[in-house]
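Take the sequence shown: its position 14, counted from the start at 1, is 32 in the working numbering, and no numbers get skipped. Working notes for the structure below.
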Amino acid sequence: MIAVILAMVVIGVFELSIAGIALLAMVPFAIVVPLVLTIIFKSQAQKRYERAKEVHDFAEENGFEFTHVVQNIKDSLDSNVEFPKRHGFVRNRVDKEVSGGTFTMLDHQYTVGSQNNRRVIRESIGIYHSPGLNLPIFFMRPEQFGDGVLKFFKGDDINFDDYPEFSKKYNLRGDDEASLRSFFKPELIESFQQEDGVCAQSTGDTLVYYKHNTLVGKADMVQFMSRFAKLVGQML
Numbered sequence: 019m020i021a022v023i024l025a026m027v028v029i030g031v032f033e034l035s036i037a038g039i040a041l042l043a044m045v046p047f048a049i050v051v052p053l054v055l056t057i058i059f060k061s062q063a064q065k066r067y068e069r070a071k072e073v074h075d076f077a078e079e080n081g082f083e084f085t086h087v088v089q090n091i092k093d094s095l096d097s098n099v100e101f102p103k104r105h106g107f108v109r110n111r112v113d114k115e116v117s118g119g120t121f122t123m124l125d126h127q128y129t130v131g132s133q134n135n136r137r138v139i140r141e142s143i144g145i146y147h148s149p150g151l152n153l154p155i156f157f158m159r160p161e162q163f164g165d166g167v168l169k170f171f172k173g174d175d176i177n178f179d180d181y182p183e184f185s186k187k188y189n190l191r192g193d194d195e196a197s198l199r200s201f202f203k204p205e206l207i208e209s210f211q212q213e214d215g216v217c218a219q220s221t222g223d224t225l226v227y228y229k230h231n232t233l234v235g236k237a238d239m240v241q242f243m244s245r246f247a248k249l250v251g252q253m254l
């Protein structure tokens, strides 16, 4: 059974011909398993190499420092950012110091689901950190099915009557509602309105920006960080 499953994986990934399938069927089970696992491992390693090269090239072209780190997500942050609360690790981190702070982009990967129904989530995260910042603490994410039940236990999220589209799109929460209403100025709200699926968080001295399960390709990295930098500028 295992051999059949592994064979199907190879056929699906590498699109083997009929002759290739027949040849694979003739290979003894003891050889098939390590062979298939080796092929899968090499394929994944090649994808990781190609991704690292994409991020490295972006860093070189845009004045960032590239680090091919593999570490826990929480260990990679310079502040006590509670997001994400999942286990996960980081690869392909780039940093750029600017006046007053540091911009960072990194690849975050983690798994969700049960053992028999496990999914790998990969997403690009933008981070701005400045020790001198003292911004209101908040967490914002897209509205989800079931938020109505959440409101019953945690109360309503923060909505803006003058911006119903923003309020419909996003679930915004924070301990100091008055400060957040003052902090979310019209230009900031309008910028978020133009985005889809954005998550953002402030811990006071650190801002985090990403889209769930979205790994930004090289062609879109400049745009991703430019949008984030614009939002940071509107928050400062």
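Virtual Cβ for every residue (Gly too), placed ideally from N, Cα, C.
### Query
For H147, which option in T129, D113, R137, K236 has the closest C-alpha, if you only look at C-alpha atoms?
D113
### Query
With contact counted as at least three CB pairs below 8 Å, one residue from each stretch, are the region 136 to 150 and the region 220 to 238 in contact?
yes
### V240, enclosing alpha helix (DSSP H) - first and last residue
236 to 253
### Query
Taking the C-alpha atoms as reference points, what is the distance between A218 and Y188?
10 Å
### Task
For E72, I'd like the list of residues in its chain whose CB is within less than 6 Å of its CB, leaving aside the five on either flank, ordered along the chain.
K236
### Query
Rounded C-beta distance between K186 and E161? I'm assuming under 8 Å.
7 Å
#### Entry: Nearest neighbour of F202, chosen from Q133, P154, F76, R245 [CA to CA]
P154
### Query
CB F246 to CB V234, shorter than 7 Å?
no
### Task
Given a cut-off of 7 Å, decide if F107 and V88 are closer than it, judged by their beta-carbon atoms.
yes
### Message
Checking the sheet assignment: what are the DSSP bridge partners for R109?
### Response
D125
#### Entry: Entirely enclosed alpha helix (DSSP H) segments - the region 169 to 222, minimum 4 residues
182 to 187, 195 to 201, 204 to 211
### Query
For N80, does the three-state DSSP call read helix, strand or coil?
helix
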